[in-house]
Every structure is written in C-alpha cells, then in structure tokens.
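Novice:
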Amino acid sequence: MKTYQSDVIIAGGGIAGLVTAYELLKKGKNVIIFDKDVEDNLGGLAKEAAGGIHMIDTPEQRSVGIKDSPELAFQDWLNIAKFDEDDEWPRKWAQFYCNNSLEYIYDYFKEIQAGFIPAPTWAERGLYRSGNSLPRFHVTWGTGFELVNKTVAAINKLPQRSNLQIYFEHEVNDILQGDGKALMTGKNMLTDEAFQATGEQVIIASGGIGGGDLSYLKEHWPGKGRKAPDNMLNGAHKFGDGLLHRKIEERGGVLTHLENNWPYALGVHHPEKRKPFDGISTMPGISSLWFNALGERIGPLPLMVGADNIWLVDRILEQPGQYTWVIMNWKIATKEFIVSLSRYFTAIRNMDIELLKYNAQNGDEYRINLLLKDSPEDVFLADNIDDLIEKMQERSLYGFKINGDKLKEEIKAYDDQIDRGPFFYNDEQLARKANNMKYQPLGLVTIADFKKILDPEAGPLLAVRGFVISRKSLGGIQTDMECRVLKKDGKPFGNIYAVGEAAGYGGGGIHGKGAPEGAFLGGCILTARVCGRSVQ
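Okay, so the sequence shown: first residue is 7 according to this note's numbering, each after it adds one.
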C-alpha cells in the first residue's frame with residue numbers, strides 16, 4: 007500500500023478544496039489534495055459555471071444605488087430557507103454568511119485579484135412573498151473559469167507553494183481516526199493501487215450527492231407533496247456519488263437535509279455525454295412562454311424564471327410527461343436565454359467589456375448558435391409557427407401529442423395583449439415583466455422589449471424541449487462553526503472537517519429548503535476560508 011503523510015489531507019480539488027488549501031498554505035501547513043478527476047478539471051464544477059456569487063452591501067450594489075444590509079439579507083434568507091425549528095447549525099451559518107460575506111468572500115476576490123461585472127443581477131425575487139428584496143447575484147468577471155484560474159495562480163505565487171502536493175485520479179473511499187491522527191484511504195484509479203494518507207486533520211471537500219447516481223437523488227427527493235421526477239437530466243458533478251457522506255455516517259457522523267436539493271427547470275442534453283443523462287442547465291428569461299407536452303400554456307400563474315426556482319420545478323413535475331416546451335423568438339433568445347456554462351458567456355469569460363455592452367444592446371447570437379449546434383434535438387428554429395409545431399411533434403415523448411390549435415391560440419392571446427399596450431396588460435407574466443424591466447442597471451442587465459412572440463421582425467422562432475435537471479445538493483455533512491464534522495452526540499470529531507457542498511455549504515444545510523442563488527459558490531468560498539482559519 008502506498009502511504010502519504012502531511013499536516014492536512016483534503017479530499018477533493020474543487021473550488022472549496024482549493025481555497026481551503028490556499029488558506030492553510032498561508033499558515034505554513036503542509037497539504038495534500040487527492041482529486042478523483044483529471045488535472046484539466048481541477049476546480050470542479052466551478053470551472054464551468056457562470057460564477058454567480060451572493061453577497062451583501064458590496065461596492066457594486068452601492069454603485070447602482072442599492073442600499074443593502076446584513077439584517078435585511080438574513081430576513082430574506084429566512085423567507086427562502088423556511089428552516090425547521092431544530093435547524094440550529096444551518097441557521098447559524100446563514101446568519102454568519104449574511105454578516106460576513108464582504109470579509110470572507112468579497113475580500114477573497116480582491117486578494118486573488120478577481121472581480122465582478124459592474125452590476126449585480128436579481129435572482130430569486132420570490133413569488134408571493136419576498137425572496138431577495140434586492141439584487142445580490144454578482145457574476146464573476148471571467149466566470150467561474152477565471153475564479154478557478156485566479157485561485158490556482160494565487161496558490162502558485164505563495165512562498166509556501168512547495169508545501170502542496172496534488173494527486174489526480176486518486177479516489178478517497180474512507181476516513182478513519184486513530185492515535186490522535188486522521189486517516190484517508192483510497193486507490194489510484196489508474197493503477198488500482200491502494201493508498202493511505204495520514205494527517206493531523208483531514209478535510210472533506212468532495213462535493214454533493216446525486217451527480218454520480220440520479221437514483222440516490224430521487225430516493226431522497228422531498229416529500230410533503232413534492233413529486234420526484236421520473237425522467238431528469240444530470241447537471242451535477244459526475245463524481246458526486248456521496249461515498250464519503252456514507253462513510254462519515256458509518257463512523258458516527260451526522261448527515262442532514264439530504265431530502266433538499268436545488269434542481270433547475272429547463273435542462274437540455276449535453277453533447278459530450280460525460281455521464282448518464284448528462285445535461286446543460288438553461289434559463290429562458292421572462293419573455294418566453296412555457297407549454298406542457300400537450301401544447302397547453304402552463305398556469306394559471308405562468309412559469310417565470312427568477313421568482314422561485316423550487317416552485318417552478320414543482321409545477322413542471324405536475325405536468326404530463328414532466329417535460330416542457332418553451333417558445334420564444336430570436337430577439338428574445340439573444341437577449342434573455344441563458345446557458346449556465348462558462349463557455350457560453352463569451353464576453354464575460356473573455357473579460358471583454360465592449361462585447362458585453364454590445365451583446366446587452368443587440369443580443370448575443372453566438373451563445374444561441376452554439377446551443378443550437380450542441381443540442382439540436384432539444385433546441386431548434388423554424389420560420390413560422392406551423393413549422394415549429396411540426397418539429398415539436400416530431401420530438402414529442404412518451405406518446406404525447408401537441409394540440410397545435412390550442413398552442414397557437416395561447417400565443418395569439420398573449421400577443422394580442424401586447425398589441426393593446428401596457429395599460430391593458432392583464433397577463434401576470436406581462437405585468438411582472440414590466441416590473442422587472444425597471445431594474446436594468448448600466449445597460450448590462452437587460453430584458454427584451456415587449457415584442458410579440460410571432461412578430462415577423464423578431465424571428466425566426468425558437469423552441470426548447472426541456473427537462474428538470476439536477477445541479478446542487480442542499481444537505482450534507484453536519485458541521486459546527488469551525489467546519490468540524492459533528493458526531494451523533496453533538497460533539498465534533500476534532501480532526502475531521504467538511505467544506506463546500508459536502509457540508510451542505512455550511513452546517514449540513516445552510517440553505518434550508520430553498521436558496522437565495524449564488525450562495526452555492528459563495529458558500530464554498532466562505533466555508534473554505536473559515537476552515538482554513540480554524541485548523542490549528
């Protein structure tokens with residue numbers, strides 16, 4: 007058996023593991039990271055993410071006139087999370103996040119010389135009650151790709167860089183304690199050789215549950231009337247198999263809130279098929295119309311992105327076939343249709359401010375053309391509504407057929423309201439869109455004008471066949487405020503820690519039953535810095 011020894015051993019080379027290592031190296035610790043993936047994928051899902059971060063009272067907010075506070079942010083968090091009475095640690099972590107996002111997250115970005123686009127966007131506004139009262143979603147300048155690159159660069163610049171060793175394609179499969187030390191065991195995935203690593207502390211940064219096996223996610227799907235999807239796509243990390251979660255539970259640790267997760271409503275098939283049911287998460291914006299498998303507009307309250315993601319997913323899972331059709335025109339698509347992978351955010355990933363301004367004004371055709379190329383079975387164009395319906399019929403699933411006349415009737419009713427003018431908008435979607443359009447700061451956050459879906463000058467038409475797609479685990483390994491893993495008697499193991507998604511982004515479930523958006527990546531950085539400072 008191959009043996010390793012260091013001060014600290016970290017399982018997982020995602021953003022949480024990297025930031026933890028960075029903090030430990032600054033303290034002079036010797037660190038080993040074991041990562042199951044190949045070297046090119048160092049950084050995990052953060053590397054391919056848009057890079058949105060939830061933060062409170064930032065200079066970017068103040069620059070566009072937003073007056074935020076930790077107190078307001080925490081009240082909003084409670085509205086979204088809907089914590090249970092006994093959610094002691096998640097509640098403490100949520101309050102800590104709201105009180106300390108500037109010091110632990112924003113200042114980290116400054117330290118590694120990373121930044122954000124100048125205007126925060128507004129996610130999870132809430133449906134019937136307040137979600138985020140203010141825009142708090144800060145998109146990383148360069149996307150998550152640049153965040154990972156800047157973090158790696160910051161590590162490489164440290165005088166203590168030689169104290170870090172990273173071993174790729176090494177799976178950690180158990181965690182043990184003995185003689186005041188902590189042990190990780192695993193295997194080299196290339197040679198199948200077993201290894202054992204000994205440290206003063208070990209840190210679990212292995213991500214969430216469900217990426218490796220969707221059946222595990224479905225098994226823990228929330229009850230109380232929420233229906234688990236029969237068919238869904240996988241947008242989580244392929245190595246997010248929950249292996250170390252289960253090992254911690256076997257060793258007497260606590261897993262909590264595994265029933266809570268954060269899927270998205272409109273996934274399409276990923277061209278690379280890196281894992282079973284591989285998918286890309288997309289967001290169509292507020293100007294598109296959503297239909298079910300029968301061609302009926304979903305309602306009575308229309309489906310709208312940005313209000314309440316869990317509500318949106320639940321409504322889709324109530325529909326026949328549990329998949330949806332989203333219809334828009336070219337001008338709406340290029341202005342609003344978002345694809346949640348960094349390579350689709352060309353202007354932001356390449357840090358090209360002039361291109362960003364151009365795309366906000368004129369639309370981003372490159373992004374839509376790339377998606378049409380990548381997922382042609384799910385995303386396609388047509389010159390007129392009859393041709394679009396015919397293509398939709400060809401792609402209908404599970405024996406469902408679209409009522410083309412009903413679908414056209416629904417689109418005409420919507421378009422007719424736009425014709426009558428804003429004083430006569432009686433459609434809830436149009437009314438909410440009008441309100442959302444009031445916040446478009448600096449010309450960088452944009453919503454398409456009130457164009458009719460069938461406006462011939464705004465064509466061609468675009469349809470998306472979408473499926474619920476997994477993304478993040480909200481529950482995980484329970485931790486205290488120092489990121490120490492807690493035992494069933496409430497006491498910490500002492501030398502076993504967990505960070506990031508593995509810890510439910512803090513306390514085993516910092517988000518409760520919902521999420522303010524952006525607190526996933528933010529939670530990885532926050533818990534990593536807390537852990538790095540806590541380890542002695």
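A virtual CB, placed ideally from N, CA and C, is assigned to each residue, including glycine. The structure displayed is predicted, hence computed values, not measured ones.
1) Is threonine 352 helix, strand or coil when you go by DSSP?
2) Just list the alpha helix (DSSP H) runs in the stretch 388-412, keeping only unbroken ones of 4 residues or longer that don't cross its boundaries, in chain order.
3) Can you tell which of Lys253, Met238, Asn409 and Gly528 has the C-alpha that lies nearest to the C-alpha of aspartate 284?
4) Hey, lysine 519 and phenylalanine 89: beta-carbon distance below 9 angstroms or not?
5) What's the call for arginine 321, buried or exposed, on a 16-neighbour Cβ count within 10 Å?
6) Under the three-state reduction of DSSP, which class applies to valine 319: helix, strand or coil?
7) So, are the CB atoms of glutamine 435 and leucine 223 less than 9 angstroms apart?
8) Could you give the uninterrupted runs of the alpha helix (DSSP H) lying entirely in the stretch 209-251, keeping only those of 4 residues or more?
9) Can you give me the C-alpha to C-alpha distance between asparagine 385 and proline 290, rounded to a whole angstrom?
10) Buried or exposed: which applies to methionine 487, given that a residue is buried once 16 or more other Cβ atoms fall within 10 Å of its Cβ?
11) Please confirm whether valine 154 and isoleucine 181 have their CB atoms less than 9 angstroms apart.
12) Counting Cβ pairs closer than 8 angstroms, one from the stretch 16-24 and one from the stretch 113-132, do we hit at least three?
13) Using beta carbons (cut-off 9 angstroms, strictly below), is tyrosine 404 in contact with chain C?
14) Have a look at tyrosine 404 and isoleucine 395 and give me their C-alpha separation to the nearest angstrom.
15) Using a 10 Å radius around the Cβ and a threshold of 16 neighbouring Cβ atoms, would you call aspartate 393 buried or exposed?
16) Report yes or no: do the stretch 155-174 and the stretch 91-98 share at least 3 C-beta pairs separated by less than 8 angstroms?
17) Quick check on valine 345: does DSSP put it in helix, strand or coil?
18) Can you list, in chain order, the residues of its chain with a C-beta nearer than 7 angstroms to that of aspartate 421? Leave out the 5 residues immediately preceding and following it.
19) Within the same chain, show all residues whose beta-carbon is closer than 6 angstroms to that of asparagine 47, passing over the 5 residues directly before and after it, in chain order.
20) Ordered along the chain, which non-local residues of its own chain (more than five positions away) have a Cβ less than 8 angstroms from that of tyrosine 445?
21) Out of curiosity, what's the CA-to-CA distance linking leucine 323 and glycine 205?
22) Distance, Cα to Cα, isoleucine 354 vs phenylalanine 122?
23) Taking 9 angstroms as the cut-off, decide whether the C-beta atoms of glutamate 342 and isoleucine 453 are in contact.
24) Assuming alanine 100 and isoleucine 391 are in contact, meaning their beta carbons sit under 8 angstroms apart, how far apart are those beta carbons, in whole angstroms?
25) So the alpha helix (DSSP H) leucine 377 belongs to, where does it begin and stop?
26) Let's test the definition: count the other Cβ atoms within 10 Å of the Cβ of asparagine 432 and tell me whether it reaches 16, buried, or not, exposed.
27) Which residues in the same chain as alanine 22 place their Cβ atom closer than 6 angstroms to its Cβ, once the five residues preceding and following it in sequence are excluded?
28) Is the stretch 72-86 touching the stretch 251-265 in the sense that three or more CB pairs, one from each, lie closer than 8 angstroms?
29) For my contact list, glutamate 474 and glycine 327 are in at a C-beta cut-off of 8 angstroms; report their separation, rounded to the angstrom.
30) Between Asp43, Gly427 and Glu302, which lies nearest to tryptophan 331 when the distance is taken from Cα to Cα?
31) Going by other Cβ atoms of all chains shown within 10 Å of its Cβ, with 16 needed for buried, is lysine 35 buried or exposed?
32) Just to confirm my understanding: we take isoleucine 408, look at its own chain, exclude 5 residues before and 5 after, and list those with CB closer than 7 angstroms. What are they?
33) Would the beta-carbon of threonine 340 fall within 9 angstroms of that of isoleucine 292?
34) Under the assumption that glycine 528 contacts serine 107 (Cβ atoms under 8 angstroms), give the Cβ distance between them as a whole number of angstroms.
35) According to DSSP, is valine 536 part of a helix, a strand, or is it coil?
36) Exposed or buried, which one is lysine 163 when buried takes at least 16 other CB atoms within 10 Å?
Specialist: For this structure:
1) Three-state result, threonine 352: helix.
2) As far as the stretch 388-412 is concerned, its whole alpha helix (DSSP H) runs of at least 4 residues are 391-400.
3) Among Lys253, Met238, Asn409 and Gly528, the Cα nearest to that of aspartate 284 belongs to Met238.
4) The answer is yes: Cβ separation under 9 angstroms.
5) Arginine 321 should be labelled buried.
6) Of the three classes helix, strand and coil, the one that applies to valine 319 here is helix, per DSSP.
7) No, these two residues do not count as a Cβ contact at 9 angstroms.
8) Those alpha helix (DSSP H) runs which fall completely within the stretch 209-251 and span 4+ residues are 220-225.
9) The sequence given here places valine at residue 385; asparagine does not occur at that position. Answer to the nearest angstrom: the Cα atoms are 12 angstroms apart.
10) Exposed: under 16 other Cβ atoms inside 10 Å.
11) No, the pair does not count as a contact, with Cβ atoms beyond the cut-off.
12) Using a C-beta cut-off of 8 angstroms, the stretch 16-24 makes no contact with the stretch 113-132, since fewer than three inter-stretch Cβ pairs fall below that distance.
13) The displayed structure is made up of one protein chain only, and chain C is not part of it.
14) Using only the alpha carbons, I get a separation of about 17 angstroms.
15) Classification for aspartate 393: exposed.
16) Contact fails: fewer than three Cβ-Cβ distances are below 8 angstroms.
17) Here DSSP, grouped into helix, strand and coil, assigns valine 345 to strand.
18) Listed in chain order, the non-local C-beta contacts of aspartate 421 below 7 angstroms within the same chain comprise Lys458, Ile459 and Leu460, local neighbours out to five positions each way being set aside.
19) Contacts found: none.
20) Hits under 8 angstroms: Trp128, Pro141 and Val451.
21) Roughly 46 angstroms separates the two Cα atoms.
22) Spanning the two alpha carbons is a distance of roughly 9 angstroms.
23) Closer than 9 angstroms, so yes.
24) About 46 angstroms separates the beta carbon of alanine 100 from that of isoleucine 391, a gap too long to meet the 8 angstroms contact definition.
25) Looking at the DSSP string, the run of the alpha helix (DSSP H) that includes leucine 377 is 371-380.
26) By the 10 Å Cβ count, asparagine 432 comes out exposed.
27) Excluding residues within five positions, the ones whose Cβ falls inside 6 angstroms are Ala211, Val505, Gly506, Cys530 and Ala534.
28) Per the Cβ contact rule, the stretch 251-265 is not in contact with the stretch 72-86 (fewer than 3 Cβ pairs under 8 angstroms).
29) Contrary to the premise, residue 474 reads as valine rather than glutamate in this sequence. In this structure valine 474 does not touch glycine 327 by the C-beta definition: roughly 11 angstroms separates them, more than the 8 angstroms allowed.
30) Comparing Cα positions, the closest option is Glu302.
31) Here lysine 35 is buried: its Cβ has 16 or more other Cβ atoms, across all protein chains shown, within 10 Å.
32) The beta carbon of isoleucine 408 is closer than 7 angstroms to those of Leu300, Gly301, Ile395, Met398, Gln399 and Ser402 in its chain, skipping five residues each way along the sequence.
33) The answer is no: Cβ separation not under 9 angstroms.
34) The C-beta separation of glycine 528 from serine 107 comes to about 7 angstroms, placing the pair in contact by the 8 angstroms criterion.
35) Helix at valine 536.
36) Classification of lysine 163: exposed, given that the 10 Å Cβ count is below 16.
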